[in-house]
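*Asks:* Position 102 (the sequence shown) corresponds to 85 in the numbering used here; numbering is contiguous.
Below is one structure. I have some questions about it.
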Amino acid sequence: SEATVAVAPARVGFAELTELVVRRIEVGDRVAASKYFSGRPVDDPVREQQILTAVRAEAIELGIDPEETADFFRAQIEASKVVQRGLLKRWAAHPDEVPTTGPDLDAVRRELDQLTTDLLAELVVVDQLRNARPHCQIELLLATIPAAAPLDRLHRKAFKVGTETIC
Ligand SMILES: C=C(O[C@@H]1C=C(C(=O)O)C=C[C@H]1O)C(=O)O
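So, in structure tokens, the structure goes:
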């Protein structure tokens, strides 16, 4: 007779999504360094609109809500700007903390574009969970506690902004 192996279904949680949120926030450090040396402003409304238009279209392709998806990415953009403003303010007051090099913004944006693709794929995975309460809040708490633990005050503040719209 054939052996039967019971396989428990994988539990869907927010570990991967919150990990990607953290990674996007951390890219904000290099965006800030780039802008420190180039003098470009933190806010680039044209780039933001490009991202939001693209993710709305991608959401429709993927079968998730385009406006909820845009709201999620609006929060990620705001989180990045929290980091950028915080670091630029810190560096203005403490020039000794300024990084030695400013990376090329286009290269950093390509990394952000890859994270957008990864985040969209993960939003598909957690789509049902996002609309299930109190499940969503519980799973979010289980994921955010370890994800936020290694972050400093500034990055934790950004992480809060980036995760607020999940449930
Ligand atoms: C990250 C940047 O800074 C800001 C934040 C953005 C983002 O998080 O995607 C986009 C444009 C800027 O308003 C950037 O200029 O690329």
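No residue lacks a Cβ here, since even glycine has one placed at the ideal position from N, Cα and C.
As the structure is a prediction and not an experimental result, all values here were calculated from the model.
1. Just mark R(-6) as buried or exposed, buried being the case when its beta carbon has 16 or more other beta carbons within 10 Å.
2. Give the C-beta separation of A141 and I34 to the nearest angstrom, bearing in mind that I take them to be a contact with Cβ-Cβ under 8 Å.
3. Three or more C-beta pairs under 8 Å: does that hold for the segment 101 to 113 against the segment 13 to 20?
4. Hey, could you find the ends of the alpha helix (DSSP H) C119 is sitting in?
5. Grouping DSSP H, G and I as helix and E and B as strand, with all else coil, what is E44?
6. In chain order, what residues of the same chain have a beta carbon less than 8 Å from the beta carbon of E2, not counting five sequence neighbours either side?
7. Let me confirm a value: L70 is counted as buried when at least 16 other C-beta atoms fall within 10 Å, else exposed. Which label applies?
8. Can you tell me whether A(-9) is helix, strand or coil according to DSSP?
*Replies:* The structure says:
1. In the sequence shown, residue -6 corresponds to position 11, counting from 1. For R(-6), the number of other beta carbons within 10 angstroms of its own is below 16, and it is reported as exposed.
2. Sequence index remark: in the sequence shown, residue 141 carries index 158 (1-based). Sequence index remark: in the sequence shown, residue 34 carries index 51 (1-based). With 8 Å as the limit, A141 and I34 do not qualify as a contact, their Cβ atoms being about 17 Å apart.
3. With fewer than three CB-CB distances shorter than 8 Å, the segment 101 to 113 does not count as touching the segment 13 to 20.
4. Residue mapping note: residue 119 aligns to position 136 of the sequence shown, counting from 1. From DSSP, the alpha helix (DSSP H) with C119 extends over 118 to 131.
5. Taking the first residue of the sequence shown as position 1, residue 44 is located at position 61. E44: helix per DSSP, three-state reduction.
6. If you number the sequence shown from 1, residue 2 lands on position 19. Once the five neighbours on either side are set aside, the close Cβ partners of E2 are A130.
7. By one-based count along the sequence shown, residue 70 stands at place 87. Under the 10 Å beta carbon count, L70 is surrounded by 16 or more other beta carbons and is classified as buried.
8. Mapped onto the sequence shown, residue -9 falls at position 8. Correct three-state label for A(-9): coil.
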